[in-house]
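Only one structure is covered here, and it is reproduced in the block below.
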Amino acid sequence: LVGIELAMESSDVDPELIIENMGRKLNTSSSEYSPIAGINEGEIYFASMKAKKITGTEDAEPVVWTKIYKAQSEIKRGKLTWKTAKEISPNVNLDGTHTSNVVLSPDQTELLFTRAVLYGNDVQSSRIYRSKISSRGTWGPAEELDGINGDYIIRHPAYGVHLGKEVIFFSANIPGGFG
Numbered sequence: 013l014v015g016i017e018l019a020m021e022s023s024d025v026d027p028e029l030i031i032e033n034m035g036r037k038l039n040t041s042s043s044e045y046s047p048i049a050g051i052n053e054g055e056i057y058f059a060s061m062k063a064k065k066i067t068g069t070e071d072a073e074p075v076v077w078t079k080i081y082k083a084q085s086e087i088k089r090g091k092l093t094w095k096t097a098k099e100i101s102p103n104v105n106l107d108g109t110h111t112s113n114v115v116l117s118p119d120q121t122e123l124l125f126t127r128a129v130l131y132g133n134d135v136q137s138s139r140i141y142r143s144k145i146s147s148r149g150t151w152g153p154a155e156e157l158d159g160i161n162g163d164y165i166i167r168h169p170a171y172g173v174h175l176g177k178e179v180i181f182f183s184a185n186i187p188g189g190f191g
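Take our numbering: the last position of the sequence shown gets the number 191, and nothing is skipped along the way.
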């Protein structure tokens with residue numbers, strides 16, 4: 013809350029800006045993070061470890077896998093509310109990996125995301141994948157991105173433009189790199 017208060021005190025903040033909790037259907041006792049606006053109006057994608065039960069095991073220890081969810085807003089009694097978030101396609105969310113860091117392409121036809129494998133709390137691998145939307149509006153099979161992934165931990169993909177060309181930015185622990 014301190015961050016919100018500081019933001020509201022900033023002279024650059026629109027005085028009509030409204031900051032509201034999105035409610036218990038999105039904010040749970042688990043972690044929710046990396047929200048992005050979805051393809052359709054009032055739609056949001058985000059990553060979460062949201063689970064009412066253990067979803068797998070890692071070295072015989074129970075674990076909850078991070079997955080990507082989608083939620084849709086609706087107006088009820090004149091107020092914006094959110095429907096319960098649902099996991100997106102199993103083509104994207106793969107059991108045995110932590111799937112997160114979701115980003116939607118500028119033309120809204122592709123999702124980029126990472127799949128990480130942990131050993132305990134240590135990330136052993138993390139790679140960027142892409143899923144393309146089908147004509148039916150569902151996310152297709154995930155493809156590992158060629159030419160980007162390597163023997164390093166890669167996270168936080170983002171679409172961008174550099175020197176007039178479309179590129180993908182990311183964070184990685186590449187030896188000799190800058191993050």
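Built from N, CA and C at the ideal position, the CB exists for glycine as well.
Keep in mind it's a predicted model, so treat the numbers as computed, not measured.
Unbroken stretches of the beta strand (DSSP E), 3 residues or longer, contained in the stretch 35-65: 44-49 and 55-60
Mark Ser147 as exposed unless 16 or more other C-beta atoms lie within 10 angstroms of its C-beta, in which case mark it buried. exposed
Going by beta carbon distance, what residues of the same chain come within less than 7 Å of Ile31, once the five residues before and after it are set aside? The answer, listed in chain order, is Ile16.
Identify whether Gly4 lies in helix, strand or coil by the three-state DSSP scheme. In the structure as shown, the chain begins at 13 and stops at 191. Residue 4 is therefore absent and cannot be evaluated.
From Ile140, Asn52 and Pro102, residue whose alpha carbon lies closest to that of Ala128: Ile140
If you draw a straight line from the alpha carbon of Glu55 to that of Asp134, how long is it in whole angstroms? 32 Å
Please classify Ala170 as buried or exposed, where buried requires at least 16 other C-beta atoms within 10 Å of its C-beta. exposed
Between Tyr57 and Ile80, which are expected to be in contact by the criterion C-beta below 8 Å, what is the C-beta distance as a whole number of angstroms? 6 Å
What does the alpha-carbon distance come out to for the pair Lys88 and Ser43? 26 Å
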